[in-house]
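*Asks:* Numbering (UniProt numbering), first residue to last: 1 to 266.
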């Protein structure tokens, strides 16, 4: 793949918490799967620099869990981002697999995670971070779904209780940003209390048809509901990126790779 598009979304605050002093612009990356856009992803970097974001959010699957995992290009890209911007990273199912099967993948994840943190990337492994973004109180959560939610034809249902057992309850006095790789459980994320959820995983449904959208999910569910775009449930928002790369299904039709920006406005 040689080209990618920029997709912009805006989310308005509901007045529940004090707003930022000016709009918050974030760049969202997901599902790069080791793809490079120019040497050392120089084209991606130039595009991000031109956007001038306040922060970078990574929604997982920047690597691919495979026999030969090439870490260096992605790691150098992430390091360059972290030199310039706050970077908040939550794992996708591929990073989770690399971490779980240490011997199979020869400790690649452990090296990758250590190197990310050393570079200043905030890697959130079922963790949260409280902060202020332009004066707005916020909590960023990195949430990793259990492997059972990623098996083929999975119909596993996520509960609010399971989320609370993993990452606790949302902060009632802050804007709660949830980085959760798999968007298919958005209704539960919203019920849990995520004000804004950032996801990927669906690759836009691989092949997109006019009026119908993406045709299949990585779990082989036909016409998945949350394949790409901006969704809302009672003032809880979900942004789904179609991602920047490919892995097992190496096909994208009417479905260009995308770099996503999200602007939070008072």
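For every residue, glycine included, the Cβ atom is placed at its ideal position computed from N, Cα and C. Remember, it's a predicted structure, so these values are computed and weren't measured experimentally.
By how many angstroms is the C-alpha of residue 15 removed from the C-alpha of residue 134?
*Replies:* In the chain shown, counting from the first residue as 1, residue 134 sits at position 134. In the chain shown, counting from the first residue as 1, residue 15 sits at position 15. About 15 Å.
*Asks:* Our contact map puts residue 24 next to residue 54 with C-beta atoms below 8 Å; I'd like the distance itself, whole angstroms only.
*Replies:* Along the chain shown, read from residue 1 onward, the residue named residue 24 stands at position 24. Along the chain shown, read from residue 1 onward, the residue named residue 54 stands at position 54. Indeed they touch by this definition, with Cβ atoms about 5 Å apart.
*Asks:* Below 8 Å on the Cβ atoms is my guess for residue 236 versus residue 190; work out the distance and round it to an integer in Å.
*Replies:* Taking the first residue of the chain shown as 1, we reach residue 236 at position 236. Taking the first residue of the chain shown as 1, we reach residue 190 at position 190. That belief holds up - the Cβ atoms of residue 236 and residue 190 are roughly 4 Å apart, short of 8 Å.
*Asks:* Taking the beta strand (DSSP E) that residue 25 belongs to, which residues open and close that run?
*Replies:* By 1-based counting over the chain shown, the position of residue 25 is 25. Here the beta strand (DSSP E) through residue 25 covers 24-29.
*Asks:* Quick check on the DSSP output: what are the complete beta strand (DSSP E) runs of length 3 or more inside the stretch 140-218, in order along the chain?
*Replies:* Correct list: 175-180 and 196-199.
*Asks:* I'd like the ranges of any alpha helix (DSSP H) spanning at least 4 consecutive residues and lying wholly in the stretch 82-134.
*Replies:* You should have 93-100 and 108-119.
*Asks:* Between the stretch 195-209 and the stretch 247-262, do three or more beta carbon pairs fall short of 8 Å?
*Replies:* Yes, the stretch 195-209 touches the stretch 247-262.
*Asks:* Figure out for me which residue from 5, 254, 103 and 247 has the closest Cα to the Cα of residue 33.
*Replies:* The residue given as residue 33 occupies position 33 in the chain shown. Of the candidates 5, 254, 103 and 247, the one whose C-alpha sits nearest the C-alpha of residue 33 is 247.
*Asks:* Since residue 202 contacts residue 183 with CB under 8 Å, what's their CB separation in whole angstroms?
*Replies:* Working through the chain shown from its first residue, we reach residue 202 at position 202. Working through the chain shown from its first residue, we reach residue 183 at position 183. Right, their Cβ atoms sit about 7 Å apart.
*Asks:* Could you work out which residue in 79, 136, 86 and 102 is closest to residue 173 when comparing CA atoms only?
*Replies:* To locate residue 173, count along the chain shown from 1; it is residue 173. Residue 173 has its Cα closest to that of 136, out of 79, 136, 86 and 102.
*Asks:* Does the structure place the stretch 53-73 close enough to the stretch 34-41 that three or more beta carbon pairs sit under 8 Å?
*Replies:* Counting Cβ pairs under 8 Å, three or more are found: they touch.
*Asks:* Can you look up residue 50 in the DSSP assignment and give me helix, strand or coil?
*Replies:* Working through the chain shown from its first residue, we reach residue 50 at position 50. The answer is helix: DSSP assigns residue 50 an H, G or I state.
*Asks:* From residue 19 to residue 130, what does the alpha carbon distance come to, in whole angstroms?
*Replies:* Looking up residue 19 in the chain shown gives position 19. Looking up residue 130 in the chain shown gives position 130. Their Cα atoms are separated by approximately 15 Å.
*Asks:* Quick check: residue 185 and residue 222, are their CB atoms within less than 8 Å of each other?
*Replies:* Translated into the one-based positions of the chain shown, residue 185 becomes position 185. Translated into the one-based positions of the chain shown, residue 222 becomes position 222. Result no, Cβ atoms of residue 185 and residue 222 do not sit closer than 8 Å.
*Asks:* Please list, in chain order, all residues of the same chain as residue 233 whose beta carbon is under 8 Å from its beta carbon, the five residues on each side excluded.
*Replies:* Indexing the chain shown from 1 puts residue 233 at position 233. If we look at residue 233 and ignore the five residues flanking it on each side, its Cβ neighbours are 186, 187 and 190.
*Asks:* Give the range of the beta strand (DSSP E) segment to which residue 261 is assigned.
*Replies:* To locate residue 261, count along the chain shown from 1; it is residue 261. Segment 258-265, the beta strand (DSSP E) holding residue 261.
*Asks:* Output the boundary residues of the beta strand (DSSP E) element that contains residue 37.
*Replies:* What you label residue 37 is simply residue 37 of the chain shown in a count that begins at 1. No beta strand (DSSP E) holds residue 37; DSSP gives it neither H nor E.
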